[in-house]
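Undergrad: Counted the way our numbering counts, the sequence shown spans residues 7 to 298. Note that the Cβ used here is the ideal one computed from N, Cα and C, for glycine as well.
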Amino acid sequence: MDWKKIGKGLLFPHPLMVGLLLPAALVMMLVCVLRQGSEAPLTIASYALSFYGLVLVCVRVPEIIRLVQRFQQENRYYLLYKNDVQLRINISLYGTFAFNALYALFQLCLGLWHHSAWFYAMAVYYLLLAVMRLSLVRHTSHHAAGEDSRTEWRKYRFCGWLLLVMNLALAIFTLYFVFRIRTFLHHEITTISMAAYTFTALTLAIINAVRYRKYGSPAYSAAKSISLVSATVSMLTLENAMLTTFGQDSSEMFRQIILGASGAAVILVVQGIALYMIVNAHRKLKINKFQT
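Structure follows, in structure tokens:
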């Protein structure tokens with residue numbers, strides 16, 4: 007037997023096989039863990055299959071990097087997206103606006119059905135996010151960065167005022183979490199996935215908030231500040247989910263102190279960002295008025 011050929015076939019199968027094997031293995035592992043437990047024989051087999059799929063992806067990393075680089079260099083749509091800052095901002099704002107608006111409507115319907123202040127607070131939170139992003143995209147879709155700085159600073163200040171209003175919804179979130187008026191019990195895998203998503207979103211929000219300052223556009227800065235606030239609020243929701251899922255041995259007082267302190271910190275952060283946006287915009291508008 008040609009063991010070298012067999013080993014090469016196992017490590018470098020057809021790309022179609024790799025594309026089908028990895029998602030199938032992950033789905034199999036999730037189903038087995040949820041239905042049969044983490045120590046069942048079929049679950050252990052799914053672990054091995056998932057590990058094999060991961061190995062197939064890892065050995066192809068150099069090839070994947072070359073394909074991605076070639077795509078970035080040759081695809082005209084990607085080049086257009088990469089080189090056009092205004093296009094990137096508009097796509098981001100339109101997408102997040104649509105999601106926030108639909109989710110706000112969904113939460114409002116749940117509030118009307120269940121008569122719960124939680125769902126009303128969620129609806130207000132996502133509605134305010136949608137209004138801020140709509141206000142910004144109405145400007146950025148027609149004007150380049152810095153083209154109408156006075157209007158941009160007004161939009162920037164408007165978003166700051168809405169962030170202050172949003173703090174009322176955040177206060178309701180915190181009360182619900184601290185006093186267990188509403189709790190979320192997720193599976194461990196779901197909670198870990200939430201953590202990965204939340205930390206990724208927070209990291210990207212911080213990077214983009216710093217990166218887009220170089221364009222000198224208040225509208226762009228406001229858009230990234232909103233994303234940063236949204237990611238910060240997601241951290242509070244994640245903390246509640248993790249304490250409910252993994253902190254069952256913790257005392258109730260410990261849970262209330264941690265969630266109360268975190269909720270107060272998030273509210274203060276959002277309030278600080280809002281006040282900075284309002285004061286900074288007011289100062290810039292005042293300077294601009296004297297200049298004109």
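#1: Can you name the start and end residues of the alpha helix (DSSP H) that Glu158 belongs to?
#2: Leaving out the 5 sequence neighbours to the left and right, which residues in its chain are closer than 6 angstroms to Leu176 when beta-carbon positions are compared?
#3: Under 6 angstroms Cβ to Cβ from Leu133, same chain only, skipping five residues before and after it: list those, please.
#4: Just to confirm before moving on: does the CB-CB distance between Ile224 and Trp167 stay below 8 angstroms?
#5: Please report the residue range of the alpha helix (DSSP H) in which Gly13 lies.
#6: Check the C-beta distance from Ile232 over to Arg139 and give it rounded, since I have them as a contact under 8 angstroms.
#7: Say whether the region 63-75 touches the region 98-107, bearing in mind that this needs 3 or more beta-carbon pairs closer than 8 angstroms, one atom from each stretch.
#8: Determine the direct distance from the alpha carbon of Phe125 to that of Leu174, and round the result to whole angstroms.
#9: Tell me whether Arg41 sits in a helix, a strand or coil according to DSSP, three-state version.
#10: How do the region 54-68 and the region 107-121 stand: do at least 3 beta-carbon pairs fall below 8 angstroms, yes or no?
#11: Starting from Asn214, trace the alpha helix (DSSP H) both ways and give me its first and last residue.
#12: Would a C-beta distance cut-off of 8 angstroms place Leu17 and Val65 closer than the cut-off?
#13: Okay, do the region 142-161 and the region 82-97 touch, 3+ Cβ pairs below 8 angstroms being the bar?
#14: Using a 10 Å radius around the Cβ and a threshold of 16 neighbouring Cβ atoms, would you call Gln297 buried or exposed?
#15: Just to confirm, are Ala136 and Asn106 a CB contact at a threshold of 8 angstroms?
#16: Quick one: what does DSSP say Leu22 is sitting in, helix, strand or coil?
#17: Can the beta-carbon of Val63 be found less than 8 angstroms from the beta-carbon of Ile195?
#18: Just to confirm before moving on: does the CB-CB distance between Tyr162 and Ser257 stay below 8 angstroms?
#19: Residues in its own chain within less than 6 angstroms of Ala287 by CB, not counting five upstream and five downstream?
#20: State the DSSP-derived secondary structure class of Ser122, mapped to helix, strand or coil.
#21: Given a threshold of 16 other Cβ atoms within 10 Å of its Cβ, counted over all protein chains shown, does Lys230 qualify as buried or as exposed?
#22: Can you tell me whether DSSP reads Ala46 as helix, strand or coil?
#23: For the structure I just gave you, are there three or more beta carbon pairs, one from the region 195-209 and one from the region 234-245, closer than 8 angstroms?
#24: Skipping 5 residues on each side, what residues in its chain have a beta carbon closer than 7 angstroms to that of Ala123?
#25: For Ala104 and Ile212, what's the separation of their Cα atoms in angstroms?
#26: Using the three-state DSSP reduction, which class does Gly152 fall into: helix, strand or coil?
#27: Considering only C-alpha positions, which residue in the set Tyr131, Ser141, Tyr218 is nearest to Val276?
TA: So, from the listed chains and residues:
#1: 155-184
#2: Ile273
#3: Ala110
#4: Before going on, a small fix: residue 224 reads as Pro here, not Ile. Result no, Cβ atoms of Pro224 and Trp167 do not sit closer than 8 angstroms.
#5: 9-17
#6: 7 angstroms
#7: no
#8: 14 angstroms
#9: helix
#10: no
#11: 194-217
#12: yes
#13: yes
#14: A caution first: Gln297 carries a pLDDT of 49, below 50, which makes its placement in the model too unreliable to give a value.
#15: yes
#16: helix
#17: no
#18: no
#19: Trp159, Tyr162, Arg163
#20: coil
#21: buried
#22: coil
#23: yes
#24: Ile178
#25: 22 angstroms
#26: coil
#27: Tyr131
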